[in-house]
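A quick write-up on the structure given underneath.
In structure tokens form, the structure reads like this:
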């Protein structure tokens with residue numbers, strides 16, 4: 135079915151233009167590629183033999199906590215990433231003094247569930263933080279991430295003072311050769327990156343890689359010195375052990391903060407994996423774009439930070 139026919143059928147069955155557009159755009163990620171890896175699945179059914187751990191899990195059709203339950207199970211469970219006694223830092227997007235329904239920040243229910251899984255895997259301590267753009271205290275509260283993370287037993291830490299950050303080198307970087315990085319990223323045993331997928335006025339899209347701007351003190355350096363290159367460079371200090379891209383509700387326009395006129399879609403998607411570049415490539419496909427549309431994805435791939443070629447990856451596709 136070509137694009138014109140898809141929208142004609144969508145109108146016939148009563149789908150709004152926005153819903154039809156997202157369904158069309160999301161289709162490439164969930165379509166079964168002819169050369170999909172052995173672990174690929176349209177529904178998560180077992181073939182009777184142990185499947186190797188896929189490169190990515192792409193899950194759709196449920197609430198954020200249930201999406202994560204299914205996705206992390208497909209990757210071998212949280213025990214594949216967190217060992218007993220380890221410290222874990224969970225880094226969501228808490229950039230904005232906005233409530234959850236605006237999808238400006240990571241969904242708080244997802245953050246809570248990740249923290250619970252970490253403790254169930256035996257984590258000694260789980261921390262949550264972000265270097266917010268708006269007032270950190272208001273952003274932590276309005277997003278409800280502070281409340282939900284604490285309910286799960288996490289220690290919620292601010293990032294509003296330079297004293298929380300330590301100067302670090304970024305080996306191989308072009309623009310960000312050194313930066314002050316939050317001490318939790320420097321010192322924690324496990325780093326879990328939990329961005330929200332949305333439109334961004336500067337980068338086009340914000341997902342896993344751009345979420346790393348929140349681990350450094352001087353965010354504005356990125357905007358002043360070739361944003362795409364800086365986003366790619368950010369992957370060179372420490373790549374997350376696990377990325378969980380929240381695409382439950384997607385801000386399609388007006389990002390990153392959102393406005394009253396911003397357009398949204400209730401997509402109920404989630405993308406999980408260790409390869410931060412692959413996660414962003416999959417996020418681009420979820421929005422209906424080729425990864426090459428976003429310059430920073432190619433720049434990061436060229437530095438060896440991950441793969442943007444989804445056709446070469448084993449993607450476990452799960453519909454709940």
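In the working numbering, the protein residues as written are 135 to 454. The beta-carbon is built from N, C-alpha and C at its ideal position, and this holds for glycine as well. Every value quoted in this text rests on a predicted model; they were computed, and no experiment measured them.
Check                                                                                                                                                                                 : Outcome
Under 8 Å: do the region 332-348 and the region 247-261 share three or more Cβ pairs, one atom per stretch?                                                                           : no
When the Cα atoms are used, what is the spatial distance from residue 360 to residue 309?                                                                                             : 8 Å
List the endpoints of the continuous beta strand (DSSP E) containing residue 340.                                                                                                     : 338-340
Where does residue 305 land, buried or exposed, given buried means 16+ other C-beta within 10 angstroms?                                                                              : exposed
What's the gap between the Cα of residue 444 and the Cα of residue 343?                                                                                                               : 16 Å
So the candidates are 357, 291, 265 and 429; which of them puts its Cα closest to the Cα of residue 231?                                                                              : 265
Per DSSP, which one or two residues make a beta bridge with residue 381?                                                                                                              : 403
With a CB to CB cut of under 6 Å and the five nearest residues on each side skipped, what residues in its chain are close to residue 347?                                             : 353 and 356
How should residue 240 be labelled, buried or exposed, when 16 other C-beta atoms within 10 angstroms of its C-beta is the threshold for buried?                                      : buried
For the alpha helix (DSSP H) holding residue 254, just list the boundary residues, first then last.                                                                                   : 242-254
Do the region 188-208 and the region 273-292 touch if we need at least three Cβ pairs shorter than 8 Å?                                                                               : no
Considering just the uninterrupted stretch of the alpha helix (DSSP H) at residue 110, what are its terminal residues?                                                                : Because the chain is modelled from 135 through 454, residue 110 falls outside the range shown and cannot be assessed.
Between residue 439 and residue 364, is the Cβ-Cβ spacing less than 8 Å?                                                                                                              : no
Excluding the five sequence neighbours on either side, which residues of its own chain have a C-beta within less than 7 Å of the C-beta of residue 387, listed in chain order?        : 333, 396 and 397
For the region 315-329 against the region 295-302, do three or more pairs of beta-carbon atoms, one drawn from each stretch, fall closer than 8 Å, so that the two count as touching? : yes
Are three or more beta carbon pairs between the region 257-276 and the region 203-220 nearer than 8 Å?                                                                                : yes
Using only CA atoms, which one of 411, 217 and 422 lies nearest to residue 189?                                                                                                       : 411
DSSP state of residue 301, grouped into three classes?                                                                                                                                : strand
Using the DSSP secondary-structure output, state which residues sit across from residue 226 in a beta bridge.                                                                         : 328
Using CA atoms only, rank isn't needed, just tell me which of 420, 244 and 376 is closest to residue 286.                                                                             : 244
If contacts are defined as beta-carbon pairs under 8 Å, then residue 192 and residue 405 qualify, I think. What distance do you get, rounded to the angstrom?                         : 5 Å
Between the C-alpha atoms of residue 278 and residue 373, what's the straight-line distance to the nearest angstrom?                                                                  : 26 Å
On the criterion of 16 or more Cβ atoms from any shown chain inside 10 Å, does residue 219 qualify as buried, or is it exposed?                                                       : exposed
Mind checking who residue 221 pairs with in its DSSP beta bridge?                                                                                                                     : 259
What residue does the beta strand (DSSP E) around residue 286 start on, and which one ends it?                                                                                        : Careful: residue 286 lies outside any beta strand (DSSP E) and carries neither H nor E.
Report the three-state DSSP secondary structure of residue 435 (helix, strand or coil).                                                                                               : helix
Check this for me: beta carbons of residue 324 and residue 362, under 8 Å apart or not?                                                                                               : no
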